[in-house]
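Residue numbers (the working numbering), protein chains in the order written: chain A, 713 to 1014; chain B, 549 to 831; chain C, 39 to 326.
For every residue, glycine included, the Cβ atom is placed at its ideal position computed from N, Cα and C.
Just so we're clear, the structure is a prediction, and the values are computed from it rather than from any experiment.
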Amino acid sequence: MLLKKIISLFLATIFMLGAAGCAGDNKRENNDNAIDPVGQIIITGSPTLGQVLTQLILEFTDEYGTWNRVDPLFPNEPIDIVINGGGSTAGVLAIIDKTASFGLISRNVSEDEKTKLDRFGQSQLGVDALTISVNPHNPILEIQQDLSQDELIKLFSGEFTHWDDLNPALPHEEIVLVTRDIGGGAHEVFQQTIMSEIEVSLNTIQAPSMGALVTKIIDNERAIGYASFGVVNQHEGAIIPLSVQGVTPTKEHILSGDYAISRPILILYNGLLKPQEQALLDLFLSDQGMRIIEARGFIPIR
Amino acid sequence: MRRRKTFAVHAFIRVLSITAFIAVLSFIFTLFALVFVKSRGHLNIHFLTDSPKGFPLGSEGGIFPAIMGSIGFTWVACVFSTFLSFMTAVYLQFYCSNGKYKQLMRVVIGMLAGIPSIILGLFGYSFLVVRLGFGISILSGGLVLGLMVFPYMTIRFERIFTAIADRYEAGSYAMGVNTVYYILHVVLPLAWRDMVSTMSFVSGMAMGASAPLLLTGAVFYAKAPKSLLSPAMALPLHLYHLLSESISLENAFASAAVLLLILILLNVLTWLFGYYGDEKWMS
Amino acid sequence: MKKYDDLNKFVKHLSRFVSFFVFLILSFIVLYVLIESVPFIRSEFSRSFVSLSWRPLSTPPSFGILPMLLGTLYVAIFASLIAFPVAVGCAGAISSCFTGKTKHMLLGLIDMLAGIPSVVYGLLGFYILVKPLEKTALMATGESILAAIITLALMIVPYMVSAFAKAFERTNENYQMSAKALGVSQWYSLTHLSLAHCKLDLLSGFLVALSKALGETMAVMMVIGNSPLLPKLLGKGITISSLIALEMGSAKLGSLHYHALYTAGMLLLVLLLSINGLVRLIERRAKK
């Protein structure tokens, strides 16, 4: 008796599998619209950017509910958007492997990656920068508010191990470096703009997201790291950016290019977008989108 | 002299044992107390029924999609594992006459149990997600979890069948029934409670596992899953995100509290069915 | 009874097929991991596997797994060593001081502890160990090998207690009556009988817990700091499973980085299966 139950449960599973696969086809039959349903839209990439766009996406989903409310030409299906993290590199990979509709990245696509992508599109949502930030109780804020490129290289390569290596007026305490892990866009940006050939030390706390990186600096008085301008703005006062090569990380300096470590906020997608996906992209690039990006501390593209 | 030495050894072991026992008990108490106290205020009905909200996402709102996702993953794992375990245990116990094969299977099952869950996740990713094209989904994650728990279920099923066989096998066959009749009319009516108890025990294991789902099924934000092929949130991984991305310590504790509550529930179920199962045929 | 004969045949073949399928699955898993490791082993960088530097994205890349391997061993072995006496003591206390229903209940409580997911242990480890450790002057960050060892030890104690209590049960069954008749106290029988008699069970229980510790991913990942450095007690470190969990998401399918991660997985797999085999040998010895 139980065996029969189990067999029927198993068969039920097979049916569900089949139904799941056929679900798409069924929908197509019921619609006499020209536009196919889009199903789930998956967005992968930088968790920092994902957090910013999530509010936009949630508002959008709450406001419209189904796609045909967004545009009467769209079929009547619920808006279903999935957000995945993993870092900028995971975002690029998802577009290469076609496992996501949109990739959120906080660096430029590398030449090597471009060769693997066939027919991709990218739109810039805004600009971000990497500030070199410390905890508000760090004595360096009273003694030295600027770091030269040479000092940065020595700090992040691990050549300086204690704070007094940087400046003898500072206490003899271990420097706690906080960086992004190798999947993060910031990792590459920092390596290319500041470190060039010299490797970042392995003795760092590799944070899985900018949020975690900033929190680490907020919690630890001896910490220093390359914190995203946008995320620093979200925690104003709890984390203090230093200036780099004499330039302070302000919106003006970042946009003018005077501040060295800036990075683009990009959204990557496969060349041909479905109409609903295009609608979502338009939302990101709209005034509403720009407002949210600015509200979260980043610099919108317009 | 010898007396004093053995007395010292006794005293030492006694003190060690009692200290250890008290330490372990206090740890259990601290664990539960800490989790539930830290989540006070955040653990309410809204937490269970809302989606994650707030900025950063997860600092407000609830964990409903994660609960649903975890249930989805666990359900697939349980169905898959129950089918595999039941068939395997049935074959090994009732149909297999080749001793060598039985031994080999036992070794195989033991080896499967020894594979770390992250490796199963690796396998699941390149085979189920990429090669078979299931994608990041409840199906991929559930199947990997099923593989993870399958050895434990099989061993338990075998134990149940053996215990029944000791008492009833000879008599049944003597009466001239064939194997499947024996299974359906003797074994199952006696064993089903223990089997359900095993299923709920295994579901507890699957629900708490996070490493295999990292690569095969779980995402940061999704709605409650509607089909087997959609990605979903998972409760333990949501906890991990809340903590490691520093979104909300309190909500992390609240999620942990929910996980613990579900596990206590499953534990109670396991005990209930197991308890009543024992009595039936042990007399 | 005719329908039962047909059904019998069907069930027999189906179950045989499924059990064979299980065998296939295991071979598949092991083979798959092996196959995906081969491109790295064959590559020109395979020598770097035994170096100390894990820099998969540099030019030239280096895939030194030694820090991870040492980190995995260091954390697991010390955690098991710490957990062992605690578990022996606890199991001893439970089997000597309690009987029947209370004993059953206590063991059930311990089993429930064993069922608590590793993320919860990671959360606890973070809150109880990492945060306070950070405030002390001992170390720069709270995330450390030390935190990982203690968290892992807490995690594996329930498994050991469970296994040891069962072993002590068995000895009790055998010798209880004679011991009581001779007027020996519970503690005496514990010390001199159970512990001595169960030596092999204790060893196999220790090894099983050790293998669980070696394979553990989440709890360790949340407190160890995840820096690819040689493990030092108060410093940060990383284990093989954390490495795979953290970097798999951003390793391009088919790249050298990807295959190197599989090779690391292969290493872990071989390590664990060997310990598994060792346990089996010991259990066979114990049966004699």
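Taking 8 Å as the upper bound for CB-CB distance, VAL839/A and ALA935/A are not in contact here, some 25 Å apart. The Cβ atoms of PHE569/B and ALA247/C do not sit closer than 8 Å to each other. In this structure the stretch 787-794 of chain A does not lie against the stretch 934-948 of chain A, because fewer than three pairs of beta carbons, one per stretch, are closer than 8 Å. VAL794/A has a beta carbon lying within less than 8 Å of a beta carbon in chain B.
Across the structure, LYS810/A and LEU984/A are spaced so that their CA atoms are roughly 12 Å apart. At least one beta carbon of chain A lies nearer than 8 Å to the beta carbon of PRO779/B. Taking CB atoms only, SER156/C has a neighbour in chain B less than 8 Å away. Chain-order list of chain C residues neighbouring GLU911/A: ARG93, SER96, by C-beta distance under 7 Å. Comparing alpha carbon positions, the residue from ILE115/C, PHE244/C, VAL199/C, ALA205/C closest to LEU231/C is ALA205/C. Counting every other CB atom within 10 Å of its CB across the protein chains shown gives HIS789/B a total of 16 or more, marking it as buried. Residues of the stretch 887-901 of chain A with a C-beta atom less than 7 Å from some C-beta of chain C are VAL888, ASP893, ILE894, GLY895, listed in chain order. Each of PRO787/A, GLN988/A, LYS828/A was checked against the Cα of ALA806/A, and the nearest Cα belongs to LYS828/A.
Residues of the same chain with a CB within less than 8 Å of the CB of ALA782/B, apart from the 5 flanking positions on each side, are ALA614, GLY617, SER618, PHE621, GLY689, SER758, LEU761, GLY765, ALA766 in chain order. The stretch 994-1013 of chain A makes no contact with the stretch 82-96 of chain C: fewer than 3 CB pairs, one atom from each, lie closer than 8 Å. Burial is judged here by how many other beta carbons sit within 10 angstroms of a residue's own beta carbon; HIS594/B has fewer than 16 and is exposed.
Per DSSP, reduced to three states, the secondary structure at THR891/A is strand.
Non-local beta-carbon contacts of PHE1010/A in its own chain, meaning distances under 6 Å to residues more than five positions away in sequence, involve GLY838, ASP840, GLY942 in chain order.
Residues of chain B with a Cβ closer than 7 Å to the Cβ of THR766/A are, in chain order, LEU605, TYR769. With fewer than 16 other Cβ atoms from the protein chains shown falling within 10 Å of its own Cβ, VAL76/C counts as exposed. When C-beta distances to chain C are compared with 7 Å, the residues of the stretch 799-819 of chain A below that value are GLY799, THR801, ALA802, LEU805, ASP809, in chain order. Residue burial annotation: THR140/C is exposed, with fewer than 16 other C-beta atoms found within 10 angstroms of its C-beta. Between the stretch 812-821 of chain B and the stretch 718-731 of chain B there are fewer than three C-beta pairs closer than 8 Å, too few to call the two in contact. Looking at the backbone, the Cα of GLU771/A and that of PHE786/A are separated by about 19 Å. Taken atom to atom, the span from the alpha-carbon of LYS290/C to that of TYR643/B is near 47 Å. Residue contact check for ALA185/C against chain A: no CB pair falls below 8 Å. If you check the CB distance, THR636/B and VAL68/C do not come in under 8 Å.
The residues SER156, VAL157, GLY160, in chain order, have a CB closer than 7 Å to that of MET256/C in the same chain once the five nearest residues on each side in sequence are set aside. Taking C-beta separations shorter than 6 Å and ignoring five residues to either side along the sequence, the partners of ILE666/B in its chain run ALA759, following chain order. Between the stretch 584-602 of chain B and the stretch 198-217 of chain C, the count of C-beta pairs closer than 8 Å stays below three; the two stretches do not touch.
As DSSP reads the structure, ILE951/A sits in a beta bridge with GLU948/A. Taking 9 Å as the Cβ-Cβ cut-off, the stretch 793-820 of chain B approaches chain A at GLU793, SER794, ILE795, given in chain order. Under the three-state reduction of DSSP output, VAL794/A falls in the strand class. Within the stretch 802-855 of chain A, the complete beta strand (DSSP E) runs of at least 3 residues fall at 814-817, 832-846. Between the stretch 45-64 of chain C and the stretch 788-804 of chain B, the count of Cβ pairs shorter than 8 Å is below three; the stretches do not touch. Secondary structure note for GLY221/C: it is in no alpha helix (DSSP H), with a DSSP letter that is neither H nor E.
Below 8 Å, enough C-beta pairs join the stretch 268-284 of chain C and the stretch 94-110 of chain C to call them touching: three or more.
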